[in-house]
Amino acid sequence: MPIAIDPALFRKLAVFDMIFTVQSLALEFERMFCSLNNHAIGIYVRQHPAHEWL
1 MPIAIDPALF RKLAVFDMIF TVQSLALEFE RMFCSLNNHA IGIYVRQHPA HEWL
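If you read the sequence shown in full-length UniProt numbering, its first letter stands for residue 1, the second for the next number, and so on.
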């Protein structure tokens, strides 16, 4: 006898899975962007000594 799957429950699970995937992608992107950003800031700081900022 096949197990009856409640369509509403299935939809909720699908939505939850989608949200979870989007969140993990966003976290991954944020981490990547932050490391790129920090790298760019580091290069900028090294190329422009502090006395040039004043």
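Note that CB positions come from ideal geometry on N, CA and C, so glycine has one too. Values in this document were obtained by computation on a predicted structure and should not be read as measured data.
Rounded C-alpha distance that separates residue 55 from V22: Residue 55 lies beyond the stretch modelled for the chain, which goes from 1 to 54, so this question has no answer here.
N-terminal and C-terminal residue of the alpha helix (DSSP H) that H39 is part of: 7 to 47
N37 versus I5: straight-line alpha-carbon distance, rounded: 46 Å
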